[in-house]
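Take 1 as the starting number for the sequence shown in full-length UniProt numbering and just add one per residue.
Virtual Cβ for every residue (Gly too), placed ideally from N, Cα, C.
These notes concern the structure reproduced below.
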Amino acid sequence: MRTTPDIRSTTMAFDPFGEPVAQGVAEACPTAAGDRTARRIGGAVFWTLALAILAGRIYAYDMPAVQTAASYVAQVVALR
């Protein structure tokens, strides 16, 4: 005999695969605000490192046009 969950009970929680989760397990999970903050910090660290690596590769690239552009950027930074 198959039983269905009581619809009148509290709202149901689901895992990422769409399966229902017991209420005690759902309450033990961290809040979404903490996940969102961690994702933003991780994204900021990732993109900072990616841009720093890209800038380093452009600066170290052995092509006259890139070296000229890098020298202009260095002059602009030195003027500040």
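Assumed close pair residue i, residue j - CB separation to whole angstroms, cut-off 8 Å
| i | j | result |
| --- | --- | --- |
| Ile58 | Val66 | 6 Å |
| Phe14 | Val21 | 6 Å |
Extent of the continuous alpha helix (DSSP H) to which residue i belongs
| i | result |
| --- | --- |
| Ala70 | 64 to 79 |
Cβ neighbours of residue i in the same chain (closer than 8 Å, five flanking residues each side left out)
| i | result |
| --- | --- |
| Ala70 | Ile58, Tyr59 |
Notebook entry, point to check: For the region 27 to 57, which segments carrying the beta strand (DSSP E) assignment without a break, of at least 3 residues, lie completely within its bounds, in sequence order?
Noted result: Under the rule that a run must span 3 or more residues, no beta strand (DSSP E) segment is found entirely inside the region 27 to 57.
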